[in-house]
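One structure is given below, encoded as structure tokens.
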Ligand SMILES: *Cc1c(COP(=O)(O)O)cnc(C)c1O
């Protein structure tokens with residue numbers, strides 16, 4: 084057996100995106116101890132950089148060890164107790180996953196189902212909140228990567244607060260890619276992921292909790308069901324000014340990578356990153372329309388970093404995707420759930436969001452489809 088040499092791919096699927104060489108170099112640096120004072124300094128810098136990325140002053144802002152799904156579960160298990168009522172909005176795969184976690188916590192999910200490819204309807208959201216008493220938390224996805232739809236989480240949060248509930252926003256695909264202002268929009272809790280618009284390897288989930296969320300956790304009557312994700316325990320390691328104590332061994336080299344990717348975001352400027360994603364997303368749609376591939380999400384709800392396009396008549400979509408991968412080294416995503424076999428999902432996230440990738444992908448598709 085030989086050492087593994089991955090092929091050179093252009094990653095234009097729903098994540099992971101291509102990793103900036105600077106981030107790969109950072110990751111390859113020597114491992115030090117996870118309680119080394121130099122490492123603690125790095126963790127503090129990461130917290131500061133994450134506050135910038137999330138546009139927040141929340142003290143409880145750090146990276147959970149684990150992919151976006153662990154961030155999702157961390158937010159939910161800390162906020163809800165057996166018997167809690169949680170409003171979950173489902174307009175794609177990830178809302179459905181939140182519902183499963185709520186059920187496994189012994190809580191009671193109240194579900195709003197929205198057609199896949201559409202944003203969450205604020206009126207329906209408000210109506211459901213008013214019709215059901217005792218909801219303590221609302222959970223929704225900002226950028227639904229399974230469909231390419233963007234929801235107006237600023238408005239949803241205003242509605243939730245008018246009805247005295249906290250909000251958990253999934254910002255796995257939105258962080259760094261489209262405007263997201265945790266403090267200005269008053270979002271109580273949010274989790275993200277490292278491998279989408281931050282262009283880092285997968286395995287870390289940035290999260291942020293505001294004061295109101297922390298107050299609510301302090302008032303719990305039952306312990307958090309997960310030992311690993313219990314915020315009170317994790318914060319003994321990641322927490323503010325107190326001495327850091329062992330909780331689990333942090334993925335040290337992954338945190339080097341996250342630090343570098345956040346530094347790159349800061350150097351570019353977050354507004355510039357949002358603009359670049361928007362411009363490239365629009366350009367991709369224009370180019371795809373020239374070869375008769377139409378986006379399924381309407382323009383004002385469309386994510387620039389993930390475009391779902393409907394498939395041409397009579398093609399073997401899996402075969403086109405494998406030709407793209409094997410002959411052109413380009414990865415795009417297949418449809419999931421309701422959209423399986425109906426769309427391709429083309430990502431332009433982080434380091435992968437550039438004009439060169441747009442032409443490479445569109446030219447390859449032209450070639451394969453014989454346009
Ligand atoms: C990718 C993704 C997740 C899950 O993240 P993993 O790192 O795959 O666990 C959750 N929500 C959304 C919107 C995502 O795009």
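Numbering (the numbering used here), first residue to last: 84 to 454.
Just so it is clear, CB atoms sit at the ideal spot from N, CA and C, and this is done for glycine as well.
What's the gap between the Cα of residue 169 and the Cα of residue 409? 44 Å
Residue 393 to residue 230, Cα distance in whole Å? 11 Å
Is it buried or exposed, residue 134, if we count other Cβ atoms within 10 angstroms and call 16 or more buried? buried
If you follow the beta strand (DSSP E) that residue 191 is part of, which residue opens it and which one closes it? 191-196
Do the CB positions of residue 225 and residue 254 come within less than 8 Å of each other? yes
Contact under 8 Å by Cβ, residue 65 with residue 172: Residue 65 lies beyond the residue range present for the chain, which begins at 84 and ends at 454; the question has no answer from this structure.
Cα separation between residue 357 and residue 179? 27 Å
Can you grab the Cα-Cα spacing for the pair residue 312 / residue 156, in whole Å? 8 Å
For residue 299, the first and last residue of its enclosing beta strand (DSSP E): Per DSSP, residue 299 is not a residue of any beta strand (DSSP E); the alpha helix (DSSP H) it occupies stretches across 294-301.
Bridge partners for residue 274 per DSSP, in chain order? 253 and 290
Where do the N-terminal and C-terminal ends of the beta strand (DSSP E) with residue 218 fall, by residue? 218-224
Tell me which residue opens and which closes the alpha helix (DSSP H) that residue 430 is part of. Per DSSP, residue 430 belongs to no alpha helix (DSSP H); it is in the beta strand (DSSP E), 426-430.
Are residue 161 and residue 314 close, meaning C-beta to C-beta below 8 Å? yes
Rounded Cβ spacing between residue 432 and residue 388 (contact assumed at less than 8 Å): Yes, residue 432 and residue 388 are in contact; Cβ-Cβ is about 5 Å, under 8 Å.
Is the closest heavy atom of ligand 1 to the C-beta of residue 155 under 7 Å? yes
Residue 314 in three-state terms, based on DSSP: DSSP places residue 314 within a helical segment (H, G or I) once states are collapsed to three.
With 16 other CB atoms within 10 Å as the buried threshold, where does residue 278 fall? Label assigned to residue 278: buried.
N-terminal and C-terminal residue of the beta strand (DSSP E) that residue 148 is part of: Unbroken beta strand (DSSP E) run through residue 148: 143-148.
If I measure Cβ to Cβ from residue 128 and keep anything under 7 Å in the same chain, skipping five residues before and after, which residues do I get? 342
I'd like to know whether the C-beta atoms of residue 445 and residue 374 end up nearer to each other than 8 Å. yes
Taking buried to mean at least 16 other C-beta atoms within 10 Å of its own C-beta, is residue 94 buried or exposed? buried
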